Amino acid sequence: MIGAFCPGHVSCVFQPISSYDTMSTGSRGVGIRLSVGARATVEERDDGAVNIWLDGLQSIAHVTRMAAEDLAPGRGFDIRIENEVPVSQGFGMSAAGALAASLCIAEITGQSRTRAFRAAHAAEVTGGGGLGDVSAIVAGRDIPIRTVPGFPPNGTVVSAGFRIPNLTLVVLGQKLETDSVLGDSRMLATIRAASADAMDSFLDDPSYENLFAVSNAFSSASGVESPAIRRARESLNARGYNAGMCMLGNSIFTDAPQEVVWSLLGRGRARTYPCSSSSKEIIITQRE
12 MIGAFCPGHV SCVFQPISSY DTMSTGSRGV GIRLSVGARA TVEERDDGAV
62 NIWLDGLQSI AHVTRMAAED LAPGRGFDIR IENEVPVSQG FGMSAAGALA
112 ASLCIAEITG QSRTRAFRAA HAAEVTGGGG LGDVSAIVAG RDIPIRTVPG
162 FPPNGTVVSA GFRIPNLTLV VLGQKLETDS VLGDSRMLAT IRAASADAMD
212 SFLDDPSYEN LFAVSNAFSS ASGVESPAIR RARESLNARG YNAGMCMLGN
262 SIFTDAPQEV VWSLLGRGRA RTYPCSSSSK EIIITQRE
């Protein structure tokens with residue numbers, strides 16, 4: 012059995028960009044690489060079946076499945092992924108799970124880390140899991156800026172040069188499937204227009220304060236922000252805390268402690284996950 016851990020990632024701004032080449036497909040954007048993420052364990056099977064469990068429940072997990080089949084066609088694996096934060100809430104868990112599992116499979120089959128990461132990226136952008144989480148996570152920066160879309164060397168990721176030591180992720184509603192938004196052509200056009208302005212603004216001033224400012228401007232102008240998300244971040248702003256929407260989820264990220272979040276938004280309604288930004292490496296955690 013091989014085990015691995017991979018950090019998650021919150022996109023604050025993203026500009027989807029497609030290409031005939033999967034390694035050039037992805038997004039420009041800026042986000043936060045998280046100290047929380049996904050843990051995977053993988054065991055090879057004697058047959059060719061790929062079985063995947065997410066948080067104890069058997070799942071299709073199509074992004075992880077596509078990466079596994081890319082790395083080892085015809086070979087079977089039992090893949091178990093445990094997520095430290097919820098899936099489909101803008102925390103990059105689809106990418107993190109696929110990356111952790113891919114690293115395990117590469118270890119089993121004698122392939123390189125880079126090969127594993129490329130397989131996860133291809134699965135993410137073609138399987139509807141996201142458009143840039145893999146390249147942002149692999150870059151290993153606290154605040155990664157995706158200046159050129161795609162997986163390096165096709166894409167480019169640089170550091171904003173600061174970190175966020177105290178962060179609270181807040182889930183406020185049901186899951187939001189990424190492909191339900193990215194599959195809407197009109198919504199996609201609005202997102203692209205709003206993200207171009209937001210990216211220009213952040214690159215002019217890649218600072219802690221401006222990260223939240225451009226995030227709020229983008230979520231409002233793109234039309235992806237729900238009234239509940241807007242009320243939550245405005246309530247926190249009124250108390251002197253920064254907050255922004257996680258792309259794409261019914262969730263926010265904030266520098267307010269979780270006790271403050273509970274007092275303002277209600278402990279029963281707001282599920283909170285304390286963490287920080289992180290440059291921690293994607294690592295093998297177990298070999299048996």
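Following our numbering, the numbering of the sequence shown begins with 12 at its first residue and continues without gaps.
Beta carbons: idealized from backbone N, C-alpha and C, even for Gly.
Note that the structure is a prediction, hence the values are computed from the model and not measured.
- Item | Three-state secondary structure (DSSP) of Tyr-219 | Counting from one through the sequence shown, the residue named residue 219 turns up at place 208. Helix.
- Task: Would you mind reading off the limits of the alpha helix (DSSP H) that contains Ser-105?
- Result: Taking the first residue of the sequence shown as 1, we reach residue 105 at position 94. Unbroken alpha helix (DSSP H) run through Ser-105: 104 to 120.
- Message: For a test of the three-state rule: what should DSSP assign to Phe-264, helix, strand or coil?
- Response: Here residue 264 corresponds to residue number 253 of the sequence shown, with the count starting at 1. Phe-264: strand per DSSP, three-state reduction.
- Could you check if Met-258 is buried or exposed, using at least 16 other CB atoms within 10 Å of its CB as the buried criterion? Here the question's residue 258 lines up with position 247 in the sequence shown. Its Cβ being crowded by 16 or more others within 10 Å, Met-258 is buried.
- Message: Given a cut-off of 8 Å on the beta-carbon distance, is the pair Ala-281 and Val-272 in contact?
- Response: Along the sequence shown, one-based indexing puts residue 281 at 270. Along the sequence shown, one-based indexing puts residue 272 at 261. Contact flag set, yes.
- Query: When you compare each of Gly-143, Thr-179, Ser-274 to Gly-37 by their alpha carbons, which one comes out closest?
  - Reply: In the sequence shown, the residue the question calls residue 37 occupies position 26. Among Gly-143, Thr-179, Ser-274, the Cα nearest to that of Gly-37 belongs to Gly-143.
- Would you kindly report the start and end of the unbroken beta strand (DSSP E) that includes Pro-27? In the sequence shown, counting from the first residue as 1, residue 27 sits at position 16. First-last of the beta strand (DSSP E) with Pro-27: 13 to 28.
- Roughly how many angstroms lie between the CA atoms of His-20 and Tyr-31, to the nearest whole one? By 1-based counting over the sequence shown, the position of residue 20 is 9. By 1-based counting over the sequence shown, the position of residue 31 is 20. If you take the alpha carbons of His-20 and Tyr-31, they lie about 25 Å apart.
- Item | the segment 74 to 92 touching the segment 47 to 64, judged by at least three CB pairs closer than 8 Å | yes
- Item | Separation of Asp-81 from Ser-123, as counted between CA atoms | The residue you call residue 123 lines up with position 112 of the sequence shown. The residue you call residue 81 lines up with position 70 of the sequence shown. Rounded to the nearest angstrom, the two C-alpha atoms are 14 Å apart.
- Message: I'd like to check one pair, Cys-23 with Val-332: are the Cβ atoms closer than 8 Å?
- Response: Only positions 12 to 299 of the chain appear in this structure, which leaves residue 332 out of reach.
- Query: Terminal residues of the continuous alpha helix (DSSP H) containing Ile-303?
  - Reply: No information on residue 303 is available, as it lies outside the stretch 12 to 299 that the chain covers here.
- Task: Would you mind working out which of Leu-68, Pro-97, Gly-59, Asp-57 sits nearest Gly-48, comparing C-alpha positions?
- Result: Start at 1 with the first residue of the sequence shown, and residue 48 comes out as number 37. Residue Pro-97 is the option with its Cα nearest to Gly-48.
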